[in-house]
């Protein structure tokens with residue numbers, strides 16, 4: 002079995018060689034699936050990562066659509082060991098600033114802010130690899146695992162199909178996804194926290 006770091010390194014090599022058009026084409030399909038899922042749910046708060054603009058699924062069209070529909074969209078800012086979430090509107094979503102890792106973030110002074118998600122929220126989660134049991138390999142810092150542990154929201158992992166692996170090594174503190182969506186597949190994880 003490969004280690005998390007071996008899987009991470011192998012998939013990052015493939016991800017970094019994707020063309021912008023491949024990323025956009027695959028992302029468009031994934032975004033359509035996320036929107037179709039959310040349309041049939043009563044959900045007031047959507048928490049989502051902001052794509053790094055290089056190799057992650059581009060969820061910006063999804064975020065813009067929700068903001069334009071007046072939904073409560075929350076985007077993260079890294080502060081120490083935590084993600085601080087800021088609600089964004091039409092004006093703010095266009096004013097994100099890149100952090101030291103090149104990831105666009107809300108500005109620290111933007112209100113409202115929160116460290117957890119209210120019950121019934123949905124969180125769109127990035128990852129370098131996922132498996133069909135809902136396990137995930139992220140960048141290795143644990144930000145989303147810590148957030149999901151205290152929030153108990155419905156976690157939707159998004160990735161490209163080739164990022165699905167047979168098995169993601171996982172630790173007791175890793176949080177499983179409730180659903181995983183790729184351009185080719187969408188599956189629900191039964192008993193994700195067991």
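In our numbering, the protein residues as written are 2 to 195. All C-beta atoms in this analysis are idealised placements derived from N, C-alpha and C, irrespective of residue type, glycine included.
In whole angstroms, give me the CA-to-CA distance for residue i and residue j.
i           : j           : result
residue 26  : residue 133 : 23 Å
residue 167 : residue 126 : 19 Å
residue 41  : residue 118 : 20 Å
residue 187 : residue 146 : 21 Å
residue 17  : residue 43  : 36 Å
residue 24  : residue 81  : 30 Å
residue 6   : residue 57  : 18 Å
residue 60  : residue 28  : 7 Å
residue 91  : residue 3   : 43 Å
residue 33  : residue 162 : 15 Å
residue 71  : residue 65  : 10 Å
residue 141 : residue 116 : 20 Å
residue 10  : residue 19  : 15 Å
residue 22  : residue 169 : 28 Å
Spatial neighbours of residue i within its chain, please: CB distance less than 7 Å, with the 5 preceding and 5 following residues excluded, ordered by chain position.
i           : result
residue 171 : 136
residue 53  : 103, 104
residue 12  : 129, 130, 164
residue 87  : 75, 76, 78, 107, 111, 114
residue 109 : 78
residue 68  : 74, 89, 90, 91, 94
residue 99  : 105
Taking DSSP as the reference, what is the three-state secondary structure of residue i?
i           : result
residue 48  : strand
residue 161 : coil
residue 40  : helix
residue 5   : helix
residue 85  : strand
residue 186 : coil
residue 76  : strand
residue 99  : strand
Please confirm whether residue i and residue j have their CB atoms less than 8 Å apart.
i           : j           : result
residue 89  : residue 114 : no
residue 8   : residue 94  : no
residue 153 : residue 120 : yes
residue 184 : residue 39  : no
residue 63  : residue 36  : yes
residue 149 : residue 176 : yes
Quick check: is the beta carbon of residue i nearer than 8 Å to any beta carbon in chain C?
i          : result
residue 47 : Protein chain content of the structure displayed is limited to a single chain, and chain C is not contained in it.
Give every residue of the same chain whose Cβ lies closer than 6 Å to the Cβ of residue i, excluding the five residues on either side of it in the sequence, and list them in chain order.
i           : result
residue 144 : 84
Return the chain-ordered list of same chain residues with a C-beta closer than 8 Å to the C-beta of residue i, the five sequence neighbours on each side being excluded.
i           : result
residue 15  : 163
residue 151 : 116, 117
residue 101 : none
residue 174 : 143, 146, 150
Regarding residue i and the ligand ZN, is the C-beta to nearest heavy atom distance less than 7 Å?
i           : result
residue 145 : The ligand ZN is not part of the structure shown, which contains no ligands of any sort.
Taking one C-beta from the segment 44-61 and one from the segment 74-88 each time, how about it: are there three or more such pairs within less than 8 Å? Segments in contact, yes.
Sufficient close CB pairs (3 or more, under 8 Å) joining the segment 149-159 to the segment 172-182: Contact between the segment 149-159 and the segment 172-182 is present, because at least three Cβ pairs lie under 8 Å.
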